[in-house]
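Q: Mind looking over this structure? Questions follow.
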Amino acid sequence: MTTAAFISVVLIHLMAAVSPGPSFVMALRTAASEGFRTAAALALGFGLGAVLWATAAMAGLALLFEIVPLLFVGLKVVGGLFLVYIAVMMWRHAREPMAENDMQAPRSAGAAVRLGFLTFATNPKPAIFFGAVFVGLVPADTSLAMRCALIVAIFANETLWYLLVARIFSTARARSAYARMKTSVDRAFGGLIALFGVKIALT
Numbered sequence: 191m192t193t194a195a196f197i198s199v200v201l202i203h204l205m206a207a208v209s210p211g212p213s214f215v216m217a218l219r220t221a222a223s224e225g226f227r228t229a230a231a232l233a234l235g236f237g238l239g240a241v242l243w244a245t246a247a248m249a250g251l252a253l254l255f256e257i258v259p260l261l262f263v264g265l266k267v268v269g270g271l272f273l274v275y276i277a278v279m280m281w282r283h284a285r286e287p288m289a290e291n292d293m294q295a296p297r298s299a300g301a302a303v304r305l306g307f308l309t310f311a312t313n314p315k316p317a318i319f320f321g322a323v324f325v326g327l328v329p330a331d332t333s334l335a336m337r338c339a340l341i342v343a344i345f346a347n348e349t350l351w352y353l354l355v356a357r358i359f360s361t362a363r364a365r366s367a368y369a370r371m372k373t374s375v376d377r378a379f380g381g382l383i384a385l386f387g388v389k390i391a392l393t
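Residue numbers for the sequence shown follow this note's numbering, beginning at 191 and rising by one.
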């Protein structure tokens with residue numbers, strides 16, 4: 191695998207990572223409501239989820255989805271329902287006041303990592319994305335070291351992007367604005383996540 195191909199894969203994934211989606215909405219809301227530490231843990235979960243699907247794509251899971259389309263459909267439905275569940279919880283708890291400070295954040299770091307990972311793990315579409323990119327840019331004879339380097343780069347892309355989101359939206363100004371409009375913001379974000387869930391399940 192050439193250096194140019196490696197850089198191409200990394201840049202393509204970075205563009206995909208920064209495009210708005212359910213992960214971005216969840217990261218923004220978590221940073222504003224629970225602070226940087228919890229949002230940073232969520233970012234780590236997203237990174238681990240990206241590693242899961244990138245590794246699975248390298249192992250041929252995207253091809254398996256083509257051979258057994260019902261498996262792909264089933265995973266999409268599960269992923270969509272998971273996002274709808276998150277949206278419902280956000281809507282139900284929208285009126286609850288946010289924590290007074292970061293040390294009292296209602297979600298532990300471990301729970302945030304699990305949420306981030308499950309958000310990725312229940313959406314099989316990244317496996318198709320990675321499979322398509324890898325087929326075109328990663329030759330079959332690519333060394334194990336280069337494959338591992340790709341996985342590390344994908345993890346870094348996903349995690350560092352959401353760490354940036356966490357830092358920006360966990361500032362005092364952002365948290366203050368969120369606190370003033372928590373109910374309406376949570377319901378709006380819940381609606382967006384529900385729409386993303388339905389889209390994942392049906393497309």
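All residues carry an ideal CB built from backbone N, CA and C; glycine is no exception. Only a predicted model underlies this, so the values are computations on that prediction, with no experimental measurement involved.
How many whole angstroms separate the CB atoms of F386 and L273, which I take to be in contact at a CB cut-off of 8 Å?
A: F386 to L273, Cβ: 6 Å. Contact.
Q: With N347 as the anchor, note down where its alpha helix (DSSP H) starts and where it stops.
A: Element bounds for N347: L334 to F359.
Q: So, does the segment 361 to 371 touch the segment 214 to 224, judging by three or more C-beta pairs under 8 Å?
A: Segments in contact, yes.
Q: Only counting the same chain, and skipping five residues up and downstream in sequence, which positions put a Cβ closer than 6 Å to that of T193?
A: No residues qualify anywhere along the chain.
Q: Does DSSP classify D376 as helix, strand or coil?
A: Of the three classes helix, strand and coil, the one that applies to D376 here is helix, per DSSP.
Q: Which same chain residues, not among the five before or five after I341, have their C-beta less than 7 Å away from its C-beta?
A: Result list for I341: V241, A244 and T245, in chain order.
Q: Taking C-beta to C-beta, are I383 and M280 nearer than 8 Å?
A: Cβ distance < 8 Å, so I383 and M280 count as in contact.
Q: Please say whether P212 and T309 have beta carbons closer to each other than 8 Å?
A: Yes, they are a contact pair.
Q: Cβ of M216 within 8 Å of Cβ of V328?
A: In this structure, V328 does not lie closer than 8 Å to M216 by Cβ.
Q: Closer than 7 Å by C-beta to V208: which residues in its own chain qualify, once you throw out the five before and the five after it? Chain order, please.
A: Here the set comprises W351.
Q: Could you check the C-alpha separation between Q294 and T228 for me, to the nearest Å?
A: With a pLDDT of only 39 at Q294, under the threshold of 50, the placement of this residue in the model should not be trusted, and no figure is reported.
Q: Considering only C-alpha positions, which residue in the set D331, A322, R282 and R377 is nearest to I202?
A: Answer by Cα proximity: A322.
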